[in-house]
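These notes concern the structure reproduced below.
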Amino acid sequence: MIKIQSLNKKDLFEIARIANQCFKGYGSLAGAKKWLICNFSAFPRTQYFVAKEKDEILGYILWLEKGGFRKSAVWELEQIAVKETARGRGVASFLIEQSLKKILDYLKKRSAKLKIVEVTTGTENQAQRLYQKTLDAQPEAIIKDLFRGDEVIMIARFS
1 MIKIQSLNKK DLFEIARIAN QCFKGYGSLA GAKKWLICNF SAFPRTQYFV AKEKDEILGY
61 ILWLEKGGFR KSAVWELEQI AVKETARGRG VASFLIEQSL KKILDYLKKR SAKLKIVEVT
121 TGTENQAQRL YQKTLDAQPE AIIKDLFRGD EVIMIARFS
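Numbering of the sequence shown is given in UniProt numbering, commencing with residue 1 and proceeding in unit increments.
In structure tokens form, the structure reads like this:
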């Protein structure tokens, strides 16, 4: 059974391996780990969650609050990655859906509501379908030549 939980600091090295495997822009495992530690240290503005099955981390997601701690909150799904060996099992969808519930609980505790989720991905990336399915995110803009090519900004609006 897969469980979604907040990232524990002791698991940073494991998700750095997954990040380095999935995102070539880090350049090295050390680069991935450095970036992840910086983000992990920015809690509660940034919040990591992991998908675990028994003691194995299958993937992770990073949420980032934008524009301050507002009553109408804007969050970015900054990054999601699933181990190659765990792909095709619905881990990414489950990770998005369950971690978003945890973000909503966090917002409720501080008397805030979710207004928007923003996600950016490559225009050729199949992940667009995942974001449409799980968040009902829709394309809003394209940024030419951002990282390794053109990127689409997708927005999910909540009431």
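Beta carbons: idealized from backbone N, C-alpha and C, even for Gly.
Review point. Any idea if ILE4 is buried or exposed, counting beta-carbon neighbours within 10 angstroms, 16 or more meaning buried?
Key: The sequence position of residue 4 within the sequence shown is 4, counting from 1. Under this definition ILE4 is a buried residue.
Check your understanding: Any idea which residues DSSP pairs PHE49 with across the strands?
Key -> Position 49 of the sequence shown, counted from the first residue, corresponds to residue 49. Paired residues: SER6, ILE61.
Review point. Which stretch, first to last residue, makes up the beta strand (DSSP E) that contains ALA81?
Key: As a first step, residue 81 is located in the sequence shown; it is residue number 81 there, counting from the start. Element bounds for ALA81: 72-82.
Exercise for review: Give a yes or no on whether the C-beta atoms belonging to PHE49 and LEU95 are separated by under 8 Å.
Suggested key: Start at 1 with the first residue of the sequence shown, and residue 49 comes out as number 49. Start at 1 with the first residue of the sequence shown, and residue 95 comes out as number 95. Yes, the pair counts as a contact, with Cβ atoms nearer than the cut-off.
Review point. Going by DSSP, which residues form a beta bridge with LYS113?
Key: As a working note, residue 113 is residue 113 in the sequence shown. The partner list for LYS113 (beta bridge, DSSP) reads SER72.
Review point. What do you get for ASN8, buried or exposed, if any count of 16 or more other CB atoms within 10 angstroms of its CB means buried?
Key: For this step, residue 8 is matched to residue 8 along the sequence shown. A residue is called buried once 16 or more other Cβ atoms fall within 10 Å of its Cβ, and ASN8, having fewer, is exposed.
Practice item. Less than 8 Å between the CB atoms is what I'm expecting for ALA92 and GLY122, so what's the real figure, rounded? Key: In the sequence shown, residue 92 corresponds to position 92, counting from 1. In the sequence shown, residue 122 corresponds to position 122, counting from 1. So it is not a contact: roughly 15 Å between Cβ atoms.
Review point. Quick one: complete alpha helix (DSSP H) runs, 4+ long, within the stretch 82-146?
Key: Within the stretch 82-146, the complete alpha helix (DSSP H) runs of at least 4 residues are 91-109, 127-135.
Practice item. Could you check if SER159 is buried or exposed, using at least 16 other CB atoms within 10 Å of its CB as the buried criterion? Key: Walking along the sequence shown from the start, residue 159 turns up at place 159. Using a 10 angstroms sphere on the CB of SER159, the tally of other CB atoms stays under 16, which defines it as exposed.
Check your understanding: Should THR85 go down as buried or exposed, given a rule of 16 or more other Cβ atoms within 10 Å for buried?
Key -> Position 85 of the sequence shown, counted from the start, is the residue given in the question as residue 85. By the neighbour-count rule (16 or more Cβ atoms within 10 Å), THR85 is not buried but exposed.
Point to revise | Assumed close pair LEU36, ILE15 - CB separation to whole angstroms, cut-off 8 Å | key: As a first step, residue 36 must be located in the sequence shown, where it is residue number 36. As a first step, residue 15 must be located in the sequence shown, where it is residue number 15. LEU36 to ILE15, Cβ: 6 Å. Contact.
Practice item. Return the Cβ separation of GLU53 and ILE103 in integer angstroms, given the expectation that the two are a contact with Cβ distance under 8 Å. Key: Taking the sequence shown and counting its residues from 1, one reaches residue 53 at position 53. Taking the sequence shown and counting its residues from 1, one reaches residue 103 at position 103. The pair is not a contact, with the Cβ atoms about 22 Å apart (cut-off 8 Å).
Exercise for review: Specify the secondary structure class of ARG148 as computed by DSSP and reduced to three states.
Suggested key: In the sequence shown, the residue the question calls residue 148 occupies position 148. Three-state result, ARG148: coil.
Check your understanding: Under 8 Å between the Cβ atoms of LYS34 and PHE13?
Key -> Here residue 34 corresponds to residue number 34 of the sequence shown, with the count starting at 1. Here residue 13 corresponds to residue number 13 of the sequence shown, with the count starting at 1. Going by C-beta atoms, LYS34 is not nearer than 8 Å to PHE13.
Point to revise | Coarse secondary structure for LYS66, derived from DSSP in three states | key: If you number the sequence shown from 1, residue 66 lands on position 66. Three-state DSSP puts LYS66 in a strand.
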